[in-house]
Amino acid sequence: MTDETLSNLLHENRRFAPPPELAAHANVTADAYAEAAADPEGFWERAAERLTWERRWDRVLDWDQPPFAKWFLGGTLNAAYNCVDRHVENGLGDRVALHWVGEPADDTRDLTYADLKDEVSRAANTLLALGVGDGDRVAIYLPMIPEAVVAMLACARIGAIHTVVFGGFSAEALASRIEDCEAKLVITADGGYRRGAPSSLKPAVDDAVEIAARAGHEVPHVLVVRRTGQDVAWHERDVWWHETVDTASATHTPQAFDAEHPLFVMYTSGTTGRPKGILHTTGGYLTQASWTHWAVFDLKADTDVYWCSADIGWITGHSYIVYGPLANGVTQVMYEGTPDFPERGRWWQIIAEKKVSIFYTAPTAIRSFMKQGREIPDRSDLSSIRLLGSVGEPINPEAYVWYRDVIGGGKVPVVDTWWQTETGAILISPLPGVTSGKPGSAMTALPGIGADVVDDAGTPVPNGSGGYLVLTRPWPSMLRTIWGDDERYVDTYWSRFKEQGYYFAGDGAKKDEDGDIWLLGRVDDVMNVSGHRLSTTEIESALVSHPKVAEAAVVGASDETTGQAVVAYVILREEAGDGGPEVVQELSAHVRTQIGPIAKPRQIMIVPELPKTRSGKIMRRLLRDVAEQRAVGDVTTLADSAIMELIAAGKAQST
Ligand code: PRX
């Protein structure tokens, strides 16, 4: 973000007070901040009471060996029971849990909480029959179909640990995740629908399982949902969902697990080439996912229809499609396809048809709708909407105001929610019945959360200044570690401000004159493309693994629609020649196979050299200047200052 944008942001002085009607009946009032500040553990203890525990905890927080936290010690519960069975037992079995909308028109399915209980029980019995049990890992690689939710909850029900891999990742990326957590089962589908055509998933799983086998990890079974009916290759290890789950018993008694029993591992990009398996456990995670979903969206489970447009393959789908909303017993929409198929107004038609009252999406989507113009949403009746949410990247004030005006009819609160895969749940956000929102600001830490902006030395900056975002206290849904790598957990998050004991989020932030927080993007080598987190190093490693590449540097350049876009600078090996459009295409395809379509560079530039300091460090800042077509900044620390001219000249060769 440039200094100019930053100062524009901070001169943003529009304020939107909570609608009086909403404020009068809000789930959470201003008192919550004071209550939580006086006794954070007591505050989270009350939040935990919203769940059903088999055994109550003896102690709320064990922070005796920081940064390894334990919450709700001695407590036992079952996450799937909390998300499904207890609602049925409370007489809500007939309530629709999922209004599922497939991409092909008229392909819809409604599942009540009673249906979900049967499905999850059948799937749990099937997993047990396939030899999966307590503590085993299960990889899930599915499109946005109800079976994805069922599969996750079936794992939770039997104490198996799921790791959901987004369908946009390649076989290679899937294989590395399967290997890292030693998955015993992969659940997938023949394919899914994407822009009107079936797109396959099973072949990637076949390849991934073989790659893992070559690396020494055998996956005994693959469970396959038939979604598109396309032809698939079949192996001895494969079993069909409809031949096993559909015929299994719908009776399964959930067992309670320890509050600290691992619930799932979610892989995310860091600053090295290897994705990190972020481990979340049961009691604290479910407490905070459910409390924040209720508080931040002011959820009225009896009357609201909620829709979060994220994919289940990301943390947002975990916390705000599966665990938060289902623990709260609300009716929600789940949509399989892209926003613009078969036409650009598809989302708005779904909102009108299902009378969605709370809608949660990402700034990148909002910006692309803005580009298309308001005529499209204006064709649908969006009057059911009473609250809007944003997540994944900073929302620029223009997008915020457009969202509020065009989608929210100019009257509903917009909650800009800051959090991460690691935090498990929302930590910084307005409370819709309390906070007067400022477009572009995530405002303040939620009750029970300690957040601050500090300088290099870890000292809180005064209002009006910027620095690093830190979390000053443990919170229930915090990651517990990186799967199999405690040391990396400590190094990545807790060593930067070790002395203060702060969690380093990796985001830059600024406190305005009122002390409200503005997020300014990552301060490390992590990019945010369409709200998806990608690592520059990971893409560089993928490029360098191509035989024609000698060296590569990747930067995230700002992009009007996607927030950031991947721009790669590549030095070819001598034998590869000068490179031409075919080589660029080949490299782009290589990144797709190594990581997946989401990592595909917007531009690949073949260059003769990379700008390096005298100690050999690549100066990405300068490459970003070129990618963003700015005058190149200070080059005095370069070992060879003529290089930037050479690079600017090499710009023509791009995808
Ligand atoms: O840079 C922040 C940005 O997304 C990062 C976390 O990415 P991920 O783990 O993939 O989780 C995304 C969904 C929670 C953060 O470090 N980010 C997330 N929400 C916001 C945000 N940046 C600004 N404003 C937000 N509301």
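Under UniProt numbering, think of the first position of the sequence shown as 1, with each following residue one higher.
C-beta: ideal position from N, C-alpha, C; glycine also.
If you're wondering where the values come from, they're calculated on a predicted model, not measured in any experiment.
Apart from the 5 residues on each side of it in sequence, Val406 sits with its Cβ closer than 7 Å to the Cβ of Arg374 and Pro377 in its chain, given in chain order. In its chain, beyond the 5 residues on either side, Val224 and Arg226 have a beta carbon closer than 7 Å to the beta carbon of Trp240. Straight across, the Cα-Cα distance linking Gln585 with Ala568 is about 13 Å. Looking at the DSSP output, His221 shares a beta bridge with Leu185.
Counting other Cβ atoms within 10 Å of its Cβ, Ala550 stays below 16 and is therefore classed as exposed. With a contact defined as Cβ atoms closer than 8 Å, Ser441 and Ile517 qualify at about 7 Å. In the structure shown, Gly577 falls within a coil segment according to DSSP collapsed to helix, strand and coil. Between ligand 1 and the CB of Gln420, the shortest heavy atom gap is smaller than 7 Å.
Between the alpha carbons of Thr188 and Glu336 lies a gap of roughly 15 Å. Your pair Pro601 and Leu646 does not check out as a contact, with CB atoms roughly 20 Å apart and the cut at 8 Å.
Across the structure, Asp416 and Pro143 are spaced so that their CA atoms are roughly 27 Å apart. Arg379 carries a coil assignment under DSSP once its states are collapsed to helix, strand and coil. In the DSSP assignment, Met144 is bridged to no other residue. Just so you know, the alpha carbons of Gln603 and Glu628 end up roughly 11 Å apart. Set against 7 Å, the gap from the CB of Asn528 to the closest heavy atom of ligand 1 is smaller. Per DSSP, the unbroken beta strand (DSSP E) holding Thr108 starts and ends at Thr108 to Thr112. Closest by C-alpha distance to Glu12, out of Ile350, Glu398, Tyr285 and Trp418, is Glu398. Per DSSP, Gly283 lies in no beta strand (DSSP E); the unbroken alpha helix (DSSP H) holding it starts and ends at Gly283 to Val296.
Annotation for Ile315 indicates a beta carbon within 7 Å of some heavy atom of ligand 1. Relative to the non-hydrogen atoms of ligand 1, the Cβ of Glu12 never comes closer than 7 Å to any of them. In the DSSP assignment, Ala97 falls within the unbroken beta strand (DSSP E) covering Val96 to Val101.
Under DSSP, Cys308 takes part in a beta bridge, and its partners are Tyr360.
Cβ neighbours of Asp491 within its own chain (closer than 6 Å, five residues either side excluded): none.
Of the residues Val138, Glu236, Val96 and Gly408, the one whose Cα lies closest to the Cα of Ile351 is Gly408. Assignment of Ser541 by DSSP, reduced to helix, strand and coil, places it in the helix class. Beyond the five residues adjoining it in sequence on each side, Val101 comes within less than 6 Å, by CB distance, of Thr108, Tyr335 and Ile350 in the same chain, given in chain order. Taken atom to atom, the span from the alpha-carbon of Ala215 to that of Glu179 is near 8 Å. Annotation for Arg621: the continuous alpha helix (DSSP H) segment containing it runs Arg620 to Ala627. Between the segment 258-269 and the segment 30-46, the count of Cβ pairs shorter than 8 Å is below three; the stretches do not touch. For ligand 1, no non-hydrogen atom lies closer than 7 Å to the CB of Glu45. In summary, Lys617 is exposed, with fewer than 16 beta-carbon neighbours lying within 10 Å of its beta-carbon over all protein chains present. Residue range Lys202 to Arg214 is occupied by the alpha helix (DSSP H) that includes Arg214. Runs of the alpha helix (DSSP H) lying entirely within the segment 152-197 and spanning at least 4 residues, in chain order: 171-181. Between Gly501 and Asp524, the gap from beta carbon to beta carbon reaches 8 Å or more. Residue environment for Pro342: exposed (fewer than 16 other C-beta atoms within 10 angstroms of its C-beta).
In this structure, Ser390 has its CB closer than 7 Å to one or more heavy atoms of ligand 1.
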